[in-house]
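Following our numbering, the numbering of the sequence shown begins with 8 at its first residue and continues without gaps.
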Amino acid sequence: MMGVIKSIEELEKIREQARELINLRKDNENKTRIVVGMGTCGISAGARQVLLAILDELKKRNISDVIVTETGCIGMCRFEPMVDVIKPNQPKVTYVNVDADKARQIVARHIVNNQVVDEWVIPNI
């Protein structure tokens with residue numbers, strides 16, 4: 008719980024912290040994001056290993072300008088583990104039934120070489 012603000016200086020400090028968070032979010036809008044489905048269904052299908060493989064592959068390749076996050080269940084359990092790749096100014100690509108090996112290839116082919124791996128992309132349903 009936040010205490011009572013007792014001075015203009017304290018208020019200015021809080022305001023500056025809020026501005027930094029907003030700027031951080033804006034900076035992240037121009038970065039590639041990888042989102043791994045980590046709901047119960049995803050975890051039971053192997054999403055934890057997929058997430059670790061992605062992080063490891065990015066580290067091996069010294070790629071630091073990609074944001075990797077997790078999300079919960081999106082209701083498509085039969086396609087888990089699922090991975091979204093969101094590149095600036097490009098449509099979101101959702102990969103399905105991803106395992107650790109596919110995750111590493113997604114980093115190599117899609118993130119590094121900008122080639123969507125069509126055979127692993129979610130089918131139109």
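C-beta: ideal position from N, C-alpha, C; glycine also. Predicted, not measured: the structure shown is a model, and the values here were computed from it.
Item: CB contact flag (residue 52, residue 110, <8 Å); Value: no
Item: Element boundaries [beta strand (DSSP E), containing residue 41]; Value: 39-44
Item: Contact set for residue 57: own chain, Cβ-Cβ below 7 Å, skip 5 residues either direction; Value: 43, 88, 90, 105, 106, 107 and 110
Item: Residue environment, residue 18, which counts as buried when at least 16 other CB atoms sit within 10 Å; Value: exposed
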